[in-house]
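2 protein chains.
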Amino acid sequence: MVNDMRRLNRTAVLTELMRIRPASRKQLAAASGISAATVTRAVEQLIAEGVVVEASELVSEQRGRRAVLLDLVADRAFVVGIDVGASNTRILLADLVGTPIERRELATPVEADAAGLAAWLASAARDIAGDRWDHVAGLYLGLPGAVGRDGSTISNAPNLPQVEEPGFHDLVRAHADRPVRADNDANLALLGEQHFGAARNAPTAVMVTIGTGLGAGIAIDGRILRGAHGVIGEFGQLPAGPLGTRLELMVTGPGILRLAAEAGVRLDSPADLFATDAAEPVRALRAHFDQAMLIVLTAATVSCEPEVIVLGGGIAKSLARDLGRYETVLEHHLGAAPRLTASELGDFAGATGAIVAALHEVYRGIGIDERAFGDLPVAAEAEAR
Amino acid sequence: MVNDMRRLNRTAVLTELMRIRPASRKQLAAASGISAATVTRAVEQLIAEGVVVEASELVSEQRGRRAVLLDLVADRAFVVGIDVGASNTRILLADLVGTPIERRELATPVEADAAGLAAWLASAARDIAGDRWDHVAGLYLGLPGAVGRDGSTISNAPNLPQVEEPGFHDLVRAHADRPVRADNDANLALLGEQHFGAARNAPTAVMVTIGTGLGAGIAIDGRILRGAHGVIGEFGQLPAGPLGTRLELMVTGPGILRLAAEAGVRLDSPADLFATDAAEPVRALRAHFDQAMLIVLTAATVSCEPEVIVLGGGIAKSLARDLGRYETVLEHHLGAAPRLTASELGDFAGATGAIVAALHEVYRGIGIDERAFGDLPVAAEAEAR
DNA sequence: GACTTTGGTTGCGTACTGAAATCAAAATGG
DNA sequence: CCATTTTGATTTCAGTACGCAACCAAAGTC
Numbered sequence: 007m008v009n010d011m012r013r014l015n016r017t018a019v020l021t022e023l024m025r026i027r028p029a030s031r032k033q034l035a036a037a038s039g040i041s042a043a044t045v046t047r048a049v050e051q052l053i054a055e056g057v058v059v060e061a062s063e064l065v066s067e068q069r070g071r072r073a074v075l076l077d078l079v080a081d082r083a084f085v086v087g088i089d090v091g092a093s094n095t096r097i098l099l100a101d102l103v104g105t106p107i108e109r110r111e112l113a114t115p116v117e118a119d120a121a122g123l124a125a126w127l128a129s130a131a132r133d134i135a136g137d138r139w140d141h142v143a144g145l146y147l148g149l150p151g152a153v154g155r156d157g158s159t160i161s162n163a164p165n166l167p168q169v170e171e172p173g174f175h176d177l178v179r180a181h182a183d184r185p186v187r188a189d190n191d192a193n194l195a196l197l198g199e200q201h202f203g204a205a206r207n208a209p210t211a212v213m214v215t216i217g218t219g220l221g222a223g224i225a226i227d228g229r230i231l232r233g234a235h236g237v238i239g240e241f242g243q244l245p246a247g248p249l250g251t252r253l254e255l256m257v258t259g260p261g262i263l264r265l266a267a268e269a270g271v272r273l274d275s276p277a278d279l280f281a282t283d284a285a286e287p288v289r290a291l292r293a294h295f296d297q298a299m300l301i302v303l304t305a306a307t308v309s310c311e312p313e314v315i316v317l318g319g320g321i322a323k324s325l326a327r328d329l330g331r332y333e334t335v336l337e338h339h340l341g342a343a344p345r346l347t348a349s350e351l352g353d354f355a356g357a358t359g360a361i362v363a364a365l366h367e368v369y370r371g372i373g374i375d376e377r378a379f380g381d382l383p384v385a386a387e388a389e390a391r
Numbered sequence: 007m008v009n010d011m012r013r014l015n016r017t018a019v020l021t022e023l024m025r026i027r028p029a030s031r032k033q034l035a036a037a038s039g040i041s042a043a044t045v046t047r048a049v050e051q052l053i054a055e056g057v058v059v060e061a062s063e064l065v066s067e068q069r070g071r072r073a074v075l076l077d078l079v080a081d082r083a084f085v086v087g088i089d090v091g092a093s094n095t096r097i098l099l100a101d102l103v104g105t106p107i108e109r110r111e112l113a114t115p116v117e118a119d120a121a122g123l124a125a126w127l128a129s130a131a132r133d134i135a136g137d138r139w140d141h142v143a144g145l146y147l148g149l150p151g152a153v154g155r156d157g158s159t160i161s162n163a164p165n166l167p168q169v170e171e172p173g174f175h176d177l178v179r180a181h182a183d184r185p186v187r188a189d190n191d192a193n194l195a196l197l198g199e200q201h202f203g204a205a206r207n208a209p210t211a212v213m214v215t216i217g218t219g220l221g222a223g224i225a226i227d228g229r230i231l232r233g234a235h236g237v238i239g240e241f242g243q244l245p246a247g248p249l250g251t252r253l254e255l256m257v258t259g260p261g262i263l264r265l266a267a268e269a270g271v272r273l274d275s276p277a278d279l280f281a282t283d284a285a286e287p288v289r290a291l292r293a294h295f296d297q298a299m300l301i302v303l304t305a306a307t308v309s310c311e312p313e314v315i316v317l318g319g320g321i322a323k324s325l326a327r328d329l330g331r332y333e334t335v336l337e338h339h340l341g342a343a344p345r346l347t348a349s350e351l352g353d354f355a356g357a358t359g360a361i362v363a364a365l366h367e368v369y370r371g372i373g374i375d376e377r378a379f380g381d382l383p384v385a386a387e388a389e390a391r
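Residue numbers (my numbering), protein chains in the order written: chain A, 7 to 391; chain B, 7 to 391.
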């Protein structure tokens, strides 16, 4: 316990530096409430550890000595975020402060078995990192399935069954020779949108992804909700409509096509459902879709009262102009409604979130207070890229 | 920052003492990882503050000096929890460690205006406290409406509109001359069940209360979810059934009677719906009810994957023997299901939760780590009463 | 070039901790 | 019945880290 004070102050200074990056010693002292002397000593230690450097001096028109700006050593560590989709895999490489450096989009080798997929993922990560590989601190995978709290056991991934193989996680880790963690892709997409996208400054938010399936991530006070069995966000399992059909079968791409076929309506693609000049039978289908969507949105709203609900996935793109209408109905039903908005990061939301999650692991490792993760404005940085 | 170490250790010792109450200095040192010397000094301070006392010595058959057991000064402070229902008001008085001392059940003066109700509540609190009133640290109100995060602004309380009056909270505080806080009654009922009832040891839990209305409280990792507008847990707003009726109108007492009347079935009371020897038309109604219940339960499950869902309120009493069936269906739909169980605290769940919430305020005041509130086994104590 | 202003560092007294020695209070056993 | 053992609590003491304040450093101002 005797060393605690020192560690506490180190953490406080480092955390504050992340928040107001870059910053001078004086700023850090003021922001953290720690005396200037102690900040000097803490910074000294952080510099010795190689976590922090003295960057350029602050140029100002004031008189007096110029403040020395401190910053994290951005290239001290890199992280790889991989969103492994059922058809495409998106990969991002970012540095310690979240600046994206490389992005790739590859076809997922769906025919490969668990071992093959694991090897492919590891080599893709090595590939995107190039000669920075030595500094890659870890990989984070977004997977289309339920991932246990530990970030390694995977279940219920019908669209990519390989990853359910018990040894899959270990295989990736062995091939990459790096720490590997995983999470549900919807969770990561939300995390991405919260830091870099449509849910900025919304610690409590929901992201609903509608494509070939329906998934949702829920974040409360900046923390992603994770359950033991991955049923969180499975709003698609709610029954809806006259026949009690599962919502999932009504709002997803395949579901729309199937319902249309059953109703004797011909749709070339799910997007046709949202055409403004649609014919009457399509309109009726559309009404059913809207009803189903409202159930999803209502369920999401009453489950945590998010500040914003982000809609992602293929179907969501067609919904942009209906969000205002949905909002109005929600407001009318519930008395209060979250802001509805389309995903800003699109296909790369998951990979971006994987980067964020990976960075959080790194930050944990260098001793940043976990409770501050929500405040870290990595966003501003990456936006400016 | 220089005083931090001392306060930190004081907090750690006090928190540990709450967990393993009563305990010797040595136990506290071992449990908290703080050196015995420091524990001695911290305890010295706590005793001087009047927060802790040396209780009886630990009698053991070992040789050696006997450990002096320390305990909180239970009668240092009392709290009053009041569950203000639309018809009945339940009041509890408890001491600092959560031992219930008095309980009352009174008819709510529904005709009174805001000022009258406030005065009545304050005098009821004074009354139950008796000569302990001087030591009452605060009041906590459970209200049938949406309560803002601050615990004072109240809205959307159709069944007890007086409490929506802007000055209501201040009036109670003025009459009681004590800190007063409020929360939604469903939230408090859940808090009560988590500490003393059916959701013991379930930091993530949902409580659904079905009576004249439908309300739900959600707790995640020991923290009650609170929204700005009180729509959290409003699962009753979900549409269900062929006509898209709001669930609230299908599973609550009045709703059941109305639906029965519409279907031309005569029910004397909502409970008749659950008779095992019911006639065919009643059975059909019952099937609709079950469907609606399953939507509520599914929505609750996918919103946070609770370990347990507690069912409370009048209707829930009739459901006891169906919980297993519901569980099976949930499990089948979602692959995993929470435990379903009936409320253990019954009508007093809300008041009990108010006590817990009030105690948390007191604990915060004497410097116990908020993150430990979930671990405080106030439960064991009160059970033994 | 002295002065002012601002940022960072160093010296010093204070406060608090943990390890170990010591004191306290019980049972044991010859 | 008293020395011994055992266990719990306290005190002593050395060490660490803090904040304050004095001091150094580096810039602009007059």
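The C-beta atom is built at its ideal place from N, Cα and C for all residues, glycine as well.
- Around the CB of residue 301/B, 16 or more other CB atoms lie within 10 Å, so the residue is classed as buried.
- Secondary structure of residue 111/B (DSSP, three-state): strand.
- Take residue 252/A, set aside five residues on each side of it, and the residues of its chain with a beta-carbon closer than 8 Å to its own are 242, 243, 244, 245 and 246, in chain order.
- Listed in chain order, the positions of the segment 342–368 of chain B with a beta carbon within less than 9 Å of a beta carbon of chain A are 342 and 343.
- Taken atom to atom, the span from the alpha-carbon of residue 93/A to that of residue 357/A is near 14 Å.
- Residues of the segment 301–332 of chain A with a Cβ closer than 7 Å to any Cβ of chain B, in chain order: 301, 304, 305, 307, 308, 309, 310 and 311.
- Within the DSSP secondary-structure output, residue 85/B pairs in a beta bridge with 100/B and 144/B.
- Not a single C-beta of chain A is nearer than 8 Å to the C-beta of residue 115/B.
- Take residue 193/B, set aside five residues on each side of it, and the residues of its chain with a beta-carbon closer than 6 Å to its own are 223 and 230, in chain order.
- Sequence-distant Cβ neighbours of residue 219/A in its own chain, meaning closer than 8 Å and more than five residues away, are 150, 165, 242, 254 and 258.
- Residue 235/B has a beta carbon lying within less than 8 Å of a beta carbon in chain A.
- With a beta-carbon spacing of about 12 Å, residue 45/B and residue 53/B fall beyond the 8 Å limit used to define contacts.
- Within the segment 149–183 of chain B, 162 place their CB atoms closer than 7 Å to a CB of chain A, listed in sequence order.
- Assignment of beta-bridge partners to residue 213/A by DSSP yields 223/A and 316/A.
- Here residue 19/A really is in contact with residue 49/A; their C-beta atoms are around 7 Å apart, less than 8 Å.
- Collapsing the DSSP output to three states places residue 46/A in a helix.
- The continuous beta strand (DSSP E) containing residue 189/A extends over residues 186–190.
- Counting of Cβ neighbours within 10 angstroms places residue 282/A among the exposed residues, the total staying below 16.
- Distance from residue 188/B to residue 158/B at the Cβ level is roughly 7 Å; contact confirmed, criterion being Cβ atoms closer than 8 Å.
- In this structure, the CA atom of residue 330/A is about 43 Å from the CA atom of residue 81/A.
- Three or more beta-carbon pairs drawn from the segment 347–364 of chain B and the segment 81–90 of chain B are found closer than 8 Å, and the two stretches are therefore classed as touching.
- When the Cα atoms are used, residue 125/B and residue 349/B turn out to be separated by approximately 31 Å.
- Separation of residue 332/B and residue 179/A (C-alpha to C-alpha, rounded to the nearest whole angstrom) is 41 Å.
- Its Cα nearest to that of residue 167/B, the residue 123/B stands out among 137/B, 146/B, 208/B and 123/B.
- Scanning chain A for C-beta atoms nearer than 7 Å to the C-beta of residue 299/B yields nothing, as the closest lies near 12 Å away.
- Identification of chain B residues near residue 202/A by a Cβ-Cβ cut-off of 9 Å yields none; the smallest Cβ-Cβ distance measures about 25 Å.
- Among the residues facing chain B, residue 197/A is not included, as its CB has no counterpart in that chain under 8 Å away.
- Close to residue 339/A, with beta-carbon spacing below 7 Å, are these residues of chain B in chain order: 243.
- Around the beta carbon of residue 38/A, a 10 Å sphere encloses 16 or more other beta carbons of the protein chains shown; the residue is thus reported as buried.
- If you look at residue 348/B, you'll find it in the beta strand (DSSP E) that goes 345–348.
- The shortest CA-to-CA distance from residue 113/A to any of 266/A, 130/A and 99/A is the one to 130/A.
- In the three-state scheme derived from DSSP, where H, G and I count as helix and E and B as strand, residue 251/B is classed as strand.
- The beta carbon of residue 160/A sits closer than 8 Å to the beta carbons of 149, 151, 152, 153, 154, 169, 170, 174, 175 and 188 from its chain, once the five residues preceding and following it are set aside; these are given in chain order.
- Between the alpha carbons of residue 232/B and residue 198/B lies a distance of about 16 Å.
- Within the same chain, 144 come within 6 Å of residue 185/A by CB-CB distance, once the 5 residues on both sides are set aside.
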